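Trainee: Pasting a structure here, questions to come.
Numbering (this note's numbering), first residue to last: -11 to 115.
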């Protein structure tokens, strides 16, 4: 995780745990999850500055993407309805099966009108 004024940035790594090569293209679906697996607020918007690319992963290979989480304090309490998040629900591109990624210390916005998350495409390679 890296930080910037009013936001935190998480580099998320997806690894191919299967026994065959897989291909990912585009943006994963991401949302914050609170108690009992309930989604908090709106799912992540796609970062328009991201460039989608096709990533082919051999068995055991991995790729990454970035999730930006705006600070819940950037929004009014009434609009945000601050709620402790347990982590992220992630749908890899083209998948209907979600992965749960536990992360503590994130305050999510339960208010449905708040767009607190932004996601980049798979294929990001931090230096």
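Where a beta carbon is used, it is the ideal one built from N, C-alpha and C, also for glycine.
These numbers come from a predicted model, not from an experiment.
With DSSP collapsed to three states, give me the class of residue -5.
Mentor: Strand, per DSSP.
Trainee: Buried or exposed: which applies to residue 101, given that a residue is buried once 16 or more other Cβ atoms fall within 10 Å of its Cβ?
Mentor: So residue 101 ends up on the exposed side.
Trainee: Output the residue ranges of the alpha helix (DSSP H) runs that lie fully inside the region 10 to 94 and measure 4 residues or longer, sorted by chain position.
Mentor: Complete alpha helix (DSSP H) runs here, min 4: 65 to 68.
Trainee: Over what stretch of residues does the beta strand (DSSP E) that includes residue 106 continue unbroken?
Mentor: Unbroken beta strand (DSSP E) run through residue 106: 105 to 107.
Trainee: I want to know whether the region 67 to 74 touches the region 88 to 98 - three or more CB-CB distances under 8 Å.
Mentor: Taking 8 Å as the limit for Cβ pairs, the verdict is that the region 88 to 98 does touch the region 67 to 74.
Trainee: Helix, strand or coil for residue 111? Go by DSSP, reduced to three states.
Mentor: Reduced to three states, the DSSP call for residue 111 is coil.
Trainee: Can you find at least 3 beta carbon pairs, one from the region 82 to 93 and one from the region 27 to 38, that sit closer than 8 Å?
Mentor: Not touching, per the Cβ criterion.
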